[in-house]
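Written out below as structure tokens is the structure these notes cover.
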Amino acid sequence: MHSDVAIIGAGIIGAATAYELARAGVSVTVIDRGALAGGTTSGGEGNLLVSDKPPGAELDLARDSLRRWRELDPGDIELEPKGGILVARSPEAAKALAELTATHREAGVDGRDLSLSELAEREPHLTRDVAGAAYYPEDSQVQPVLATAALLTAARRLGATLLTGAAVTGIEPGRAVRTASTTVHAGQIVIAAGPWSGEVAKLAGADLPIQPRRGMVLVTGAVPKLVHHKVYDASYLAAVASDDAGLQASAVVEGTPAGPILIGSTRERIGFDARIRVEALRVLAQGALGLFPSLAGVKILRAYGGFRPYAPDHLPVIGEDPHRPGLWYATGHEGAGIGLAPATGALLAALMTGGVPSVDPVPFSPARFG
Amino acid sequence: MTRIPEDPAGVFPDPATITVDGQSRPARAGESVAAALIADGRAAWRETRTGGKPRGVFCGIGACFDCLVTVNGETDVRACLRQVCDGDEITTTAPEVSARPPRVPAADVSVPIVVVGAGPAGLHAALAAAGAGARVLLLDSNPRGGGQYHRQLPESFRASRPEKAHPGQAEAAALLARIAGHELIEHRPNTTVWAAEAAEPALRPGGSNPAEAGEAGHVLHTTTGTVRAERVVLATGAYDRAVPFPGWDLPGVYTAGAAQALVKGQRVRPGSRMLVGGTGPFLLPVASGLLAAGVKLEGVLEANRPAGGWLRRPGILASAPSKLLEAAKYNLTLARHGLRVANGQAIVAVHGSRRVEAATVARLRPDWTIESTRTVEVDAVAIGYGFTPQLELAIALGCSAGAFVDVDSQQLTSVPGVYAAGELTGIGGAVLSAAEGRIAGLAAAGAVPDQRAARTRGRYARFATALAEIYPVRDGWQSWLDETTLVCRCEEVSYQTIRDTVTEHAVTGTKTLKLCTRAGLGWCQGRVCGRNVADLTGLPAADHRPVASPICLGDLAGA
Ligand SMILES: Cc1cc2nc3c(=O)[nH]c(=O)nc-3n(C[C@H](O)[C@H](O)[C@H](O)COP(=O)(O)OP(=O)(O)OC[C@H]3O[C@@H](n4cnc5c(N)ncnc54)[C@H](O)[C@@H]3O)c2cc1C
Ligand code: FES
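First to last, the protein sequences are chains A and B.
According to the numbering used here, the first sequence holds residues 86 to 455 in order.
According to the numbering used here, the second sequence holds residues 1010 to 1568 in order.
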């Protein structure tokens, strides 16, 4: 097989990249060892957040991405601008939160401080034991698997090829990707293999520092609309940025169009250990009840998890390997890959085709690892 | 739809008064809420979220979640499992916020052996292990032991002739009496295991090897507390498989197991004029139970043509003598009512506005495609297309499994210390399950194997293999569906949606399909639709359900 670009990984990042390249008239083959969206993309929640990102490179990427999500509209992907609410449970946290909204506003993000009565109006079932709150109307949501399927289908309609059930066994940068059954000849190769990107890069002789960070989510049965926004404890911000390997959880509670409430999510560095641990689920449940005490009688139907792909500096890796021309990376999006996907695809497509990037590519360059 | 008049089982239940949507209704203490509602003339008491369709009992044993109802403010209670208490307030529309159910006092325990499931396999496993001197904790979600086969009437029914409800009652009573009387066995009813996992090394002070440290190697999270056990015998059984057909989600369509549970365990008739259809010898006891309960049967339809299969396997029937006798007895009951099993026929559609009013019966070709049809007026049907094992706990503990759990000659799974017995390891009936249970119990206790049980298992396992070959579910059922037939009942996903999603998005994975269509994401978590979706798409079924039974958020937080 021949194509201009071979993309390894049919997750949300591979899909968004394929779509952007196909739109630019580039011929693309997307290769995955499993089914589309069978990796981390089906193990997360699908929030498109600006509220959890302090001003900086990642926020710029997130805002560019959010704009693209709104414009994309590739079919029914349950895109919902539900808005995010951050809740501070102590006076110190409230102070930090107010500082965050202020810096966000300076950076042009719509972050509003909420009075407790406004908060109660927006989320009637939320605990009243709150020291401060903020509202981010731009925070949104998609259903990640639908979004990936829709992007890949759109890319295929533009001529892209999808090869599933094809584990990559060899990579020659700038030349070809081999699987057990076929060889895809391609001048440019993109590794978008999520938390497995480090392993895949090894096949090209590259040392890419991407590690898995385990996360678990609880799902309730379908309930009436009890939770209206994505509501989370402001301590989440600390958990996201933390380098601690132990179990961390800060409640993130949200309703979904299909009825169930999602309760996320834990953060743990335990390698690729896929077991669902009850201890982790319990911590999530406690966090959710802390925010919404009246959910005590709601039933949990299932739990699932995934492995966030993270880089040591918690920033995505988007760009060409400085030592291996023709080998590109689009990974390391950690807990924000769904949100960051369209901008990642667009940035990579611009870099590969000589287009004009809409965000500064330098902070994401793989060259930062030397 | 009524209680069995002049019940031959001689029941003297305590009366109870419940309210249904504010209206006072008579009921029997200890019966299931579903039985009370059906006896009160309701076939349905819930409407689906998206389609607004009526739903009542379908599986009758807790697997399908069709029967959800609000009891005393607690939403989403399975009516087929919940026992009626005097004064219960039942509502068919849910309040916005569910009341948290009263908490069952939970005590964490450590035991050498835990047996999950008190059906034939679990009961025999517990007795065998205790007989070898081991202390056993026997857990079961039902209020009484016996499982599906030895299903017992509620104690509060005070039945004077329970053998009229269950032909094997003498054996069941003796078995349960031995369990109750055994000082090494603690039987905890009303206990559901909602999660299982390997004990964390951190939880075992002083060593990572559980055997060396003398610490329990497996943790079961139950509705009555956490259980740590060195050895686990899983005997969690199976539930009926039902294949979809147009109208199969109408109230009045029951699984064969549901019809049997209502008659045998609740003394309630699911209909007055019924058809029984599907495949496998299990249809016979169900039909004969319905006849004994005074239901008029318009037919018993076996989709396969089994006679040739048995003839080509001479000696197989003789290897399982009790089966032969059983079948003869049931056929005799049918004959007394002027009925005989119609081979090569099936219920391929049912009709009705709010409940079943008629069924389309088809004569099938050998591949189960439809040759010709006729319409039969009935108010309910019972269908059964074999059984699906309850694999979730075995999978959660890491046991290797395909369609069934893999075990060795001692019923040991791929995980040290975890044994499996009964329908979990293959469908072969109560005698096979009992033999497997005995072998597993002895092995778990480290006792000398019982050669007789091994021989029984050998004979009945051959019989089970023959059953699977003679009564397969053939692909022709897929031609019964129309575009709008729901394949996933919970999330109301149609055949067309599934088919179109697979082709439009080039879906090649089970999880991807689930998340693209929501088939299998609803209350039953794919227990009902999983095998059918797998057959329709050629993608493998997944039985990975780490939350093995729904648990209240409040209870999880305190677990
Ligand atoms: C609990 C949890 C909650 C989350 N919540 C959110 C959220 O709310 N919002 C958000 O934006 N993000 C969230 N995320 C993060 C998000 O899911 C990820 O950042 C994103 O899915 C990464 O996408 P990806 O395409 O890089 O990786 P993946 O989706 O993992 O795709 C990688 C693909 O590569 C394939 N692959 C791997 N090795 C090979 C090989 N050798 N050959 C061929 N193919 C291979 C895999 O099969 C896989 O399909 C969450 C993550 C978790 C775990
Ligand atoms: S009928 Fe109650 S769960 Fe199926």
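Beta carbons are placed, not taken as given, at the ideal position from N, Cα and C, and that holds for glycine.
Because the structure is a prediction, the values reported are computed rather than measured.
Starting from the N-terminal end, write out each residue whose C-beta falls within a distance shorter than 7 Å of any non-hydrogen atom of ligand 2.
B/Ala1043, B/Val1066, B/Phe1067, B/Cys1068, B/Gly1069, B/Ile1070, B/Gly1071, B/Ala1072, B/Cys1073, B/Phe1074, B/Asp1075, B/Cys1076, B/Arg1087, B/Ala1088, B/Cys1089, B/Leu1090 and B/Ala1267
Distance check for B/Leu1421 and B/Gly1131, CA to CA, integer angstroms please.
14 Å
Which residue's Cα is closest to the Cα of B/Leu1562: A/Ser225, A/Glu364 and A/Gly382?
Nearest of A/Ser225, A/Glu364 and A/Gly382 to B/Leu1562, Cα basis: A/Gly382.
Do the CB positions of A/Glu208 and A/His314 come within less than 8 Å of each other?
yes
Could you tell me the alpha carbon to alpha carbon distance between B/Pro1214 and B/Ala1208, rounded to whole angstroms?
Its pLDDT being 42, under 50, B/Pro1214 is placed unreliably by the model, and the measurement read from it follows with that caveat. Rounded to the nearest angstrom, the two C-alpha atoms are 11 Å apart.
Could you tell me which chain B residues have their CB closer than 9 Å to the CB of A/Ile162, listed as they occur along the chain?
Ordered by position in chain B, no residue passes the 9 Å Cβ test against A/Ile162, which lies about 10 Å from the chain.
A/Val304: which of A/Leu366, A/Ala261, A/Val285 and A/Lys287 sits nearest, CA to CA?
Among A/Leu366, A/Ala261, A/Val285 and A/Lys287, the Cα nearest to that of A/Val304 is on A/Leu366.
Looking only at C-alpha atoms, which of A/Glu364, A/Ala219, A/Trp154 and A/Ser202 sits nearest to A/Ala232?
A/Trp154
Following a CB-centred definition, is A/Asp149 positioned closer than 7 Å to any heavy atom of ligand 1?
no
For B/Pro1458, the residue or residues it bridges with in DSSP
B/Pro1458 is not bridged to any residue.
Tell me whether A/Ala95 counts as near ligand 3, meaning its Cβ is closer than 7 Å to at least one heavy atom of that ligand.
This structure simply doesn't include ligand 3; it includes ligand 1 and ligand 2 instead.
Looking at B/Ala1025 and B/Ala1043, is the spacing between their C-beta atoms short of 8 Å?
no
Report the rounded CA-to-CA distance for B/Ala1410 versus B/Pro1017, giving the unit in angstroms.
43 Å
Could you tell me which of B/Arg1466, B/Lys1273 and B/Ala1367 sits nearest to B/Ser1041, measuring between CA atoms?
From the listed residues B/Arg1466, B/Lys1273 and B/Ala1367, the smallest Cα separation to B/Ser1041 is found for B/Lys1273.
Along chain B, in chain order, which residues have C-beta atoms closer than 9 Å to that of A/Arg207?
Correct list: empty, because the minimum Cβ distance to chain B is about 16 Å.
Where the beta strand (DSSP E) containing A/Asp89 begins and where it ends
His87 to Ile93
Hey, does A/Gln296 have any beta-carbon neighbour from chain B nearer than 8 Å?
No, no contact with chain B.
Please name the residue in A/Val312, A/Thr268 and A/Ala251 whose C-alpha comes closest to that of A/Gly169.
A/Val312
So what's B/Ser1033 in DSSP terms, helix, strand or just coil?
strand
Is it the case that the region 1073 to 1080 of chain B contacts the region 1160 to 1171 of chain B, given that we only count it when at least three CB pairs across the two stretches are under 8 Å?
no
Under 7 Å between beta-carbons, which chain A residues line up against B/Gly1563? List them in chain order, please.
Here the neighbours are Leu374, Ala381 and Gly382.
Are there 16 or more other CB atoms within 10 angstroms of the CB of A/Gln456, so buried, or fewer, so exposed?
The requested residue 456 of chain A is not part of the displayed model; chain A covers only 86 to 455.
Give the range of the alpha helix (DSSP H) segment to which A/Ala203 is assigned.
Note that residue 203 of chain A is Glu in the sequence shown here, rather than Ala. Unbroken alpha helix (DSSP H) run through A/Glu203: Leu201 to Arg207.
Between the beta-carbon of B/Val1427 and the beta-carbon of B/His1227, is there less than 8 Å?
yes
Can you check whether the C-beta of A/Pro253 is within less than 8 Å of a C-beta belonging to chain B?
Correcting the residue type first, residue 253 of chain A is Val in the shown sequence and not Pro. Judged by the 8 Å Cβ criterion, A/Val253 is not in contact with chain B.
Pop quiz: B/Lys1305 and B/Arg1282 are said to be a contact at Cβ under 8 Å. What is the actual Cβ separation, rounded to whole angstroms?
Rounded, the Cβ-Cβ distance is 5 Å, consistent with contact.
Looking only at C-alpha atoms, which of A/Thr254, A/Val172, A/Asp445 and A/Leu106 sits nearest to A/Arg118?
A/Thr254
So if I threshold CB-CB distances at 9 Å, which residues from the region 234 to 265 of chain A count as touching chain B?
Ala234, Ala235, Leu237, Thr238, Arg241, Leu247, Thr249 and Gly250
For B/Gly1450, collect the residues of the same chain with a Cβ closer than 6 Å to its Cβ; drop the 5 residues on either side in sequence, then sort them by chain order.
Ala1134, Ala1137 and Ala1138
Taking 8 Å as the cut-off, decide whether the C-beta atoms of A/Ala415 and A/Thr102 are in contact.
yes
Could you tell me if B/Gln1419 is buried or exposed, where buried requires 16 or more neighbouring beta carbons within 10 angstroms of its beta carbon?
exposed
For the alpha helix (DSSP H) containing B/Val1295, list its first residue and its last residue.
B/Val1295: member of the alpha helix (DSSP H) spanning Leu1292 to Ala1301, first to last residue.
Given that B/Ser1107 touches chain A, what residues does it touch there, using C-beta distances under 7 Å?
Gly382 and Val383
The beta strand (DSSP E) with A/Leu300 in it runs from where to where?
It should be noted that the sequence gives Gly, not Leu, for residue 300 of chain A. It spans Gln296 to Thr305 - the beta strand (DSSP E) in which A/Gly300 sits, taken as one unbroken run.
Evaluate contact between the region 1237 to 1252 of chain B and the region 1428 to 1439 of chain B, counting only Cβ atoms and requiring at least three cross-stretch pairs below 8 Å.
By the Cβ rule, the region 1237 to 1252 of chain B counts as touching the region 1428 to 1439 of chain B, because three or more pairs are nearer than 8 Å.
Can you pull the chain A neighbours of B/Trp1054, defined as C-beta to C-beta under 7 Å?
Within chain A, no residue comes near B/Trp1054; the closest Cβ sits about 17 Å away, beyond 7 Å.
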